[in-house]
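Visitor: This is the structure, below, for whatever I ask next.
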Amino acid sequence: MLVNKRTPLSPADYQPELVAVSTSADRDGEAVRPEVDAALTELSAAMRADIGEGTHVFSSYRSYARQTELYNSYVAQYGQAEADTTSARPGHSEHQTGLSVDLMGTSGQCRLDTCFGDTAAGRWVAEHGWEHGFIVRYPDGLEGVTGYEYEPWHLRFVGVEVSTAMHQQGARTYEEFLGAGSAPDYR
1 MLVNKRTPLS
11 PADYQPELVA
21 VSTSADRDGE
31 AVRPEVDAAL
41 TELSAAMRAD
51 IGEGTHVFSS
61 YRSYARQTEL
71 YNSYVAQYGQ
81 AEADTTSARP
91 GHSEHQTGLS
101 VDLMGTSGQC
111 RLDTCFGDTA
121 AGRWVAEHGW
131 EHGFIVRYPD
141 GLEGVTGYEY
151 EPWHLRFVGV
161 EVSTAMHQQG
171 ARTYEEFLGA
181 GSAPDYR
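Heads up: the sequence shown at position 1 corresponds to 1 in UniProt numbering, and the numbers run straight through without jumps.
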């Protein structure tokens, strides 16, 4: 399921089956699809075994209504053009699919900051996330393809089969892998 600035959810108020996130010790109420939770648990355990640090999810599923609130707050604060570089419009958010999470290492370093990509946890996720079915959805330098600024903390579950194929092919974005073309802006 591709969701971006040019491919909205249908229906716009789509809501998947959800379960509570097992690796969300720092916040209550985070939820994802069941297969995502299982993969997150495996990813966190593997990361802890490799670098001595697990993961915490600090944002996951967002309803259409919640995304509307967030997006409108960004527009009010920064204006629409700036908001569109960091926040999805309602009906265009990967978080609404239940397949995306914003995470950090249990050390708490660089939460919601590009410096997360330079932490041990950020490097590990970028190098090994695909082994567990995850991709860094908004890679550095590919804003013209994804439509969003670099977000090393934003992971998208695509499944091990797809993430392995992306890794083997060297595809840096989901758009590239699917042959969907760039989605730098809303039409």
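Glycine included, C-beta positions come from ideal geometry on N, C-alpha and C.
(1) Between which two residues does the beta strand (DSSP E) holding L103 run?
(2) Could you tell me the distance, in whole angstroms, from the CA atom of S87 to the CA atom of Y150?
(3) Check the C-beta distance from R62 over to R187 and give it rounded, since I have them as a contact under 8 Å.
(4) Contact defined as beta carbons within less than 8 Å: I believe R89 pairs with Y64. What is the distance between those atoms, to the nearest angstrom?
(5) Quick one: any contact between the region 145-163 and the region 96-116, if contact means 3 or more CB pairs under 8 Å?
(6) Return the chain-ordered list of same chain residues with a C-beta closer than 6 Å to the C-beta of A121, the five sequence neighbours on each side being excluded.
(7) Would you mind reading off the limits of the beta strand (DSSP E) that contains F134?
(8) Cβ atoms of A12 and G91: under 7 Å apart, would you say?
(9) Can you give the Cα-Cα distance for A20 and V162, rounded to whole angstroms?
(10) Do Q96 and Q9 come within 7 Å of each other at the CB atom, strictly closer than that value?
(11) For T119, I'd like the list of residues in its chain whose CB is within less than 8 Å of its CB, leaving aside the five on either flank, ordered along the chain.
(12) Residue 190 bridges to which residues according to DSSP?
(13) Given a threshold of 16 other Cβ atoms within 10 Å of its Cβ, counted over all protein chains shown, does S93 qualify as buried or as exposed?
(14) Going residue by residue through the region 41-118, where are the continuous beta strand (DSSP E) segments of at least 3 residues, counting only ones entirely within it?
(15) Just to confirm, are A31 and S60 a CB contact at a threshold of 7 Å?
(16) Considering T146, what are the terminal residues of the alpha helix (DSSP H) in which it resides?
(17) Using a Cβ distance threshold of 8 Å, determine whether the region 128-141 contacts the region 162-178, with at least three qualifying pairs required.
Guide: With the structure as the only source:
(1) Counting from 1 along the sequence shown, the entry for residue 103 is found at position 103. In the DSSP assignment, L103 falls within the unbroken beta strand (DSSP E) covering 100-105.
(2) For the purposes of this step, residue 87 is taken as residue 87 along the sequence shown, with counting starting at 1. For the purposes of this step, residue 150 is taken as residue 150 along the sequence shown, with counting starting at 1. Distance between the alpha carbons of S87 and Y150: 12 Å.
(3) Against the sequence shown, residue 62 aligns to sequence position 62. Against the sequence shown, residue 187 aligns to sequence position 187. Wrong, their Cβ atoms sit about 23 Å apart, outside the cutoff.
(4) Reading the sequence shown from its first residue, position 89 is the one you call residue 89. Reading the sequence shown from its first residue, position 64 is the one you call residue 64. Taking a contact as a CB-CB distance under 8 Å, the pair R89 and Y64 does not count as one, their CB atoms being some 10 Å apart.
(5) The region 145-163 vs the region 96-116: in contact.
(6) What you label residue 121 is simply residue 121 of the sequence shown in a count that begins at 1. Only E53, G105 meet the Cβ criterion.
(7) In the sequence shown, the residue the question calls residue 134 occupies position 134. It spans 134-138 - the beta strand (DSSP E) in which F134 sits, taken as one unbroken run.
(8) On the sequence shown, residue 91 is found 91 positions in, with the first residue counted as 1. On the sequence shown, residue 12 is found 12 positions in, with the first residue counted as 1. Closer than 7 Å, so yes.
(9) Here residue 20 refers to the residue found at position 20 when the sequence shown is read from its first residue. Here residue 162 refers to the residue found at position 162 when the sequence shown is read from its first residue. In this structure, the alpha-carbon of A20 lies about 24 Å from that of V162.
(10) Stepping through the sequence shown from its first residue, residue 9 is reached at position 9. Stepping through the sequence shown from its first residue, residue 96 is reached at position 96. As written in the sequence, residue 9 is Leu, which differs from the Gln given in the question. Taking a C-beta distance under 7 Å as the contact criterion, L9 and Q96 qualify as a contact pair.
(11) Residue mapping note: residue 119 aligns to position 119 of the sequence shown, counting from 1. Result list for T119: G105, S107, Q109, C110, in chain order.
(12) The chain is shown only over 1 to 187; residue 190 falls outside these bounds and no answer can be derived.
(13) Sequence index remark: in the sequence shown, residue 93 carries index 93 (1-based). Per the 10 Å Cβ criterion, buried.
(14) The beta strand (DSSP E) runs lying completely inside the region 41-118 and spanning 3 residues or more are 55-59, 100-105, given in chain order.
(15) Walking along the sequence shown from the start, residue 31 turns up at place 31. Walking along the sequence shown from the start, residue 60 turns up at place 60. In contact: A31 and S60 (Cβ atoms closer than 7 Å).
(16) The count along the sequence shown starts at 1 and reaches residue 146 at position 146. Taken as a continuous stretch (DSSP letters only), the alpha helix (DSSP H) holding T146 covers 143-146.
(17) Counting Cβ pairs under 8 Å, three or more are found: they touch.
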